[in-house]
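One structure below.
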Amino acid sequence: MNELFILLKKGSKSALLAAIINTIISIIKGFAYMLTGNVAMFAETMHSLGDAANQFFVFIGSALSKKAPTARFPNGFGRLVNLVLLGAVLVVGIMAYETIIEGYHHILHPTESEGLLINVGVLAVAIILEAFVLFKAMKETLHDVGLEAKGMGIVPKSFANVNKAKPATKLVFLEDLVATLGGLLALAAVLISQFTPFHQAEGIASIIIGLLMFYVVGKIFLDNAAGVLGEADEVMQNKIGSAVLEDPDVRDVQEIAVLKEGDELHVEIKIEVDPQITLAEADDIKDRIEEKILKEKGVTDVIVEFDEDDKVSAWENREQNKER
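When the letters of the sequence shown are read in order and numbered with full-length UniProt numbering, they come out as residues 1 to 324.
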């Protein structure tokens, strides 16, 4: 039990915060829907409820993925967060389907909802809270990729680098981006339905919100399916390979693989050196290379292999093939 609490402390803080806030929002929206019967509010209730459940699972998965390797699982539990996320998106997918169906029925049989002030007030509070969580996820995104920004400069930088963030951070970012947009859309639909005869606006908004939820489902599913299979980090491969070549005793980088395991990176590299060096010199080179690579963010273990210098630059040929 003590180990579980220690692991939970290492879970994604942004996911936990988002889960708590979205739980509160879903309860408030649910009461508003029961009082007013507003279909757009129903869509937002389902959206927030799905996000809360999803983000709670993400928090648990990100925590358990930090568990140390065991004799049975020597490669660790890094990919567990990807597996949890694959399961979590099913929850959002089901709720997205229900949201679209409810919106479709409302378009066929539009009714005028009541409680304008309740709907507007609840949606306004929800938008503010979801925007707050989104901004926290933006800051977490920059922290994941090792960048800094202040004020509104955080927004464009986070959008540019969200695909490089940890899986849990990326999910919170995307879900709360869609949640904020969905809240604005629902608010617009409520006002249109209230002040015009076009009561179908709430149903249309519900369908659009459901489709946005499906977009998140698809995006997260594809990203984490790749993580479960074992995805290479090409950006980090290039960075580490170039850094290793700066060592005066490294003649060439013959092979390099940087494999993502959840939030962790595992590096295997084969370098070419002078075949005349002694075993002691080779050991010193290995220690230097390992120390240098382990300083890179997210790298947890390194395997260094040696080969004799064949006078052919495998690294230059690799870079030239990529440019083609």
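The beta-carbon is built from N, C-alpha and C at its ideal position, and this holds for glycine as well.
Assumed close pair residue i, residue j - CB separation to whole angstroms, cut-off 8 Å
i      : j      : result
Val84  : Phe42  : Wrong, their Cβ atoms sit about 28 Å apart, outside the cutoff.
Val250 : Ile271 : 5 Å
Val133 : Ala18  : 5 Å
Lys67  : Phe77  : 5 Å
Thr196 : Glu130 : Actually they are not in contact, since the Cβ atoms of Thr196 and Glu130 sit about 26 Å apart, beyond 8 Å.
Ile289 : Val304 : 5 Å
Val253 : Trp315 : 5 Å
Ser206 : Gly103 : 3 Å
Glu202 : Ala40  : 4 Å
Val302 : Val267 : 5 Å
Glu175 : Gln55  : 7 Å
Val53  : Val91  : The sequence shown places Ala at residue 53, rather than the Val named in the question. That belief holds up - the Cβ atoms of Ala53 and Val91 are roughly 5 Å apart, short of 8 Å.
Burial state of residue i, where buried means 16 or more other Cβ atoms lie within 10 Å
i      : result
Ala160 : exposed
Gly11  : buried
Lys29  : buried
Met213 : buried
Asn224 : buried
Val312 : exposed
Ile204 : buried
Leu279 : exposed
Ile128 : exposed
Leu123 : buried
Ala226 : exposed
Glu281 : exposed
Asp51  : buried
Asn163 : exposed
Glu308 : exposed
Ile293 : buried
Pro167 : buried
Asn317 : exposed
Residues bridged to residue i (per DSSP)
i      : result
Phe306 : Ile271
Val253 : Ile271
Lys260 : Leu265
Ala232 : Leu259
Asp301 : His266
Spatial neighbours of residue i in its chain, beta-carbon cut-off 6 Å, leaving aside the 5 residues before and after
i           : result
Ala126      : Ile25 and Gly183
Glu261      : Gly78 and Arg79
Gln200      : Ile107 and Pro110
Leu8        : Ala63
Glu255      : Lys270
Ile285      : Asp249
Glu114      : Thr36
Gly93       : Val217
residue 379 : The question about residue 379 has no answer, for the chain in this structure spans 1 to 324.
Gln237      : Ile256 and Val258
Glu112      : His199
beta-carbon residue i near the ligand NAP non-hydrogen atom, thresh 7 Å
i    : result
Lys9 : No copy of the ligand NAP occurs in the structure displayed, which carries no ligand at all.
Spatial neighbours of residue i in its chain, beta-carbon cut-off 7 Å, leaving aside the 5 residues before and after
i      : result
Gly298 : Asp263, Glu264 and Leu265
Ile208 : Leu185
Glu148 : Leu142
Ala232 : Ala257, Val258 and Leu259
Gly230 : Leu259
Ala71  : none
Leu16  : Phe59
Pro69  : Asn75 and Gly76
Lys157 : Leu142, Leu147 and Ala149
Close beta carbons around residue i, own chain, < 8 Å, minus the five adjacent residues each side
i      : result
Ala165 : Glu140, Thr141, Asp144, Val145 and Phe173
Tyr215 : Val178
Lys150 : none
Phe198 : Ile192
Leu211 : Ala96 and Ile100
Query raised in the report: Three or more C-beta pairs closer than 8 Å, one from the segment 173–192 and one from the segment 115–122: is that the case here?
Result: Flag = yes, the segment 173–192 and the segment 115–122 touch.
Query raised in the report: Looking at C-beta atoms only, is the number of pairs between the segment 64–84 and the segment 22–40 that lie closer than 8 Å three or more?
Result: Verdict: no, contact absent.
Query raised in the report: Any chance the segment 135–144 sits against the segment 91–101, with 3 or more Cβ pairs inside 8 Å?
Result: Judged by pairs of C-beta atoms under 8 Å, the segment 135–144 does not touch the segment 91–101, as fewer than three such pairs exist.
Query raised in the report: Would you say the segment 32–48 touches the segment 236–249, given that touching needs at least three Cβ pairs under 8 Å?
Result: Note that the segment 32–48 does not touch the segment 236–249; fewer than 3 beta-carbon pairs, one per stretch, sit closer than 8 Å.
Query raised in the report: Touch check for the segment 167–175 and the segment 210–220: three-plus C-beta pairs under 8 Å?
Result: Output reads yes: the segment 210–220 touches the segment 167–175.
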